[in-house]
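Report on the structure given below.
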Amino acid sequence: MGTRGELTSSRGQALAFCKTEARGKGENLPGLVFLGGFRSDMEGSKALFLENWAAERGRAFLRFDYSGHGASGGDFLDGSIGDWAADAREVIAAQTDGPQILIGSSMGGWISLLVARDDPDRVAGLVGIAAAPDFTEDSMWAGFDDAMRKTLLEEGQVALPSDYSDDPYIITRKLIEEGRTQLVLRDPLPLPMPVRLLHGTADADVAMSVPLRILDHAKAPDLRLTFVKGADHRMSGPAELALIGKTVHGVTQAVLER
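Numbering (the numbering used here), first residue to last: 289 to 546.
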């Protein structure tokens with residue numbers, strides 16, 4: 289549906305994206321950008337649902353792959369939160385015009401918060417879906433036992449089982465150590481735009497305490513949190529997808545009313 293393309297980042301990585309242009313009444317509305325999760329890609333169910341949702345309404349829409357993910361170049365094991373946030377900033381700068389509504393899933397929620405904190409003029413609104421800020425420190429590192437920490441520090445990586453793939457997650461020392469420079473729940477987090485957080489009560493990957501921490505920590509005049517009973521981390525069932533669309537519409541209305 290969208291037009292596929294590729295740009296070369298400042299780090300020399302080929303970043304794949306798919307872009308849908310606005311039309312009709314949608315030309316006067318902020319564009320939508322989907323930011324995917326850790327080891328995910330832009331072909332996931334939420335990204336494709338939102339692309340169709342946006343197209344039906346004439347809205348500009350952008351989805352993309354971070355370096356080392358999906359169709360983009362680079363090795364996943366070379367990447368880090370800061371690298372992927374830089375990828376997001378460069379794709380958004382090059383492929384969108386004006387303030388955008390960011391829709392971040394899991395790790396994409398963390399990256400959306402980084403983009404919104406550092407460049408609020410480019411972010412009209414934000415929707416976090418099972419947002420996972422600071423997970424490298426608060427979930428991964430905090431969950432490692434002494435043996436795993438020793439392996440990570442001495443060998444540079446450690447393997448974790450995955451619920452989503454037969455292959456384990458390889459967690460690198462770089463991911464953990466660089467992640468500490470990107471934390472958003474320790475220092476002030478101003479979010480002057482409308483923010484909506486969606487989180488499933490059956491999320492086994494990101495605890496319900498995480499969105500509550502965002503709610504408590506962020507300096508945000510218009511931030512709302514919705515818990516979805518029984519929804520898991522994927523948040524990709526028909527009811528959850530419909531709620532995501534409804535939430536994006538609500539954020540758009542809040543932006544227009546400001």
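A virtual CB, placed ideally from N, CA and C, is assigned to each residue, including glycine.
None of these values were measured; they are calculated from a predicted model.
Using 8 angstroms as the threshold, is the C-beta distance between residue i and residue j below it?
| i | j | result |
| --- | --- | --- |
| residue 478 | residue 542 | no |
| residue 378 | residue 453 | no |
| residue 360 | residue 304 | yes |
| residue 317 | residue 347 | yes |
| residue 494 | residue 405 | no |
| residue 349 | residue 392 | no |
| residue 302 | residue 309 | no |
| residue 322 | residue 351 | yes |
Which of the three DSSP states, helix, strand or coil, is assigned to residue i?
| i | result |
| --- | --- |
| residue 535 | helix |
| residue 364 | helix |
| residue 297 | coil |
| residue 431 | helix |
| residue 445 | strand |
| residue 489 | coil |
| residue 416 | strand |
| residue 494 | coil |
If I follow the unbroken beta strand (DSSP E) through residue i, where does it start and stop?
| i | result |
| --- | --- |
| residue 321 | 319-323 |
| residue 376 | Unbroken run through residue 376 is the alpha helix (DSSP H), 369-383; no beta strand (DSSP E). |
| residue 393 | 388-393 |
Quick check: the Cα distance between residue i and residue j, rounded to an integer number of angstroms?
| i | j | result |
| --- | --- | --- |
| residue 498 | residue 510 | 18 angstroms |
| residue 399 | residue 421 | 8 angstroms |
| residue 432 | residue 459 | 11 angstroms |
| residue 412 | residue 389 | 5 angstroms |
| residue 334 | residue 307 | 15 angstroms |
| residue 496 | residue 383 | 34 angstroms |
| residue 518 | residue 489 | 5 angstroms |
| residue 409 | residue 438 | 42 angstroms |
Just to confirm the assignment, what range does the alpha helix (DSSP H) spanning residue i have?
| i | result |
| --- | --- |
| residue 503 | 497-505 |
| residue 463 | 461-467 |
Would you mind listing the alpha helix (DSSP H) stretches within the region 312-357 that are 4+ residues and don't spill past its ends, in chain order? 333-344
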